[in-house]
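FYI, the numbering for the sequence shown is 0 to 71, going by numbering that gives the first Met the number 0.
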Amino acid sequence: MREAARWQWRLSGADDRVHAFPGDERPASFVHAACAHTVPFGQITRTHQGVRCLPCLLIIGDLLADRYGCLS
0 MREAARWQWR
10 LSGADDRVHA
20 FPGDERPASF
30 VHAACAHTVP
40 FGQITRTHQG
50 VRCLPCLLII
60 GDLLADRYGC
70 LS
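Shown next, in the form of structure tokens:
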């Protein structure tokens, strides 16, 4: 799985939640979030404001814990 730093928080117009989307993903018809939420590229807004997706928060939190050794 990718490091936490490579994810970007973006607002999905499909469910009005802020999800973690891959920062290195090239624009395509659909973009997949860490939680497997799929949204058309045109419905993503570059903002951090809004309700965050709990599964995305947990996934990225686990990546950070692994990276910084918080689980040992």
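All residues carry an ideal CB built from backbone N, CA and C; glycine is no exception.
Can you tell me where the alpha helix (DSSP H) with residue i in it begins and where it stops?
i	result
ARG66	53 to 67
Since residue i sits in a beta bridge, which residues does DSSP pair it with?
i	result
ALA27	For ALA27, which the question treats as bridged, DSSP gives no partner whatsoever.
THR44	LEU10
Going by other Cβ atoms of all chains shown within 10 Å of its Cβ, with 16 needed for buried, is residue i buried or exposed?
i	result
HIS47	exposed
ARG72	Nothing about residue 72 can be read from this structure; the chain reaches only from 0 to 71.
MET0	Confidence at MET0 is low in this model, with a pLDDT of 43, below 50, so its placement is unreliable and no value can be given for it.
VAL38	buried
Would you mind giving the Cβ-Cβ distance between residue i and residue j, rounded to the nearest angstrom? I have them listed as a contact below 8 Å.
i	j	result
PHE20	ARG9	5 Å
From which residue to which residue does the beta strand (DSSP E) around residue i run?
i	result
ARG16	16 to 21
How many Å lie between residue i and residue j at the Cα?
i	j	result
LEU62	PHE29	24 Å
CYS52	TYR67	22 Å
VAL17	ASP65	23 Å
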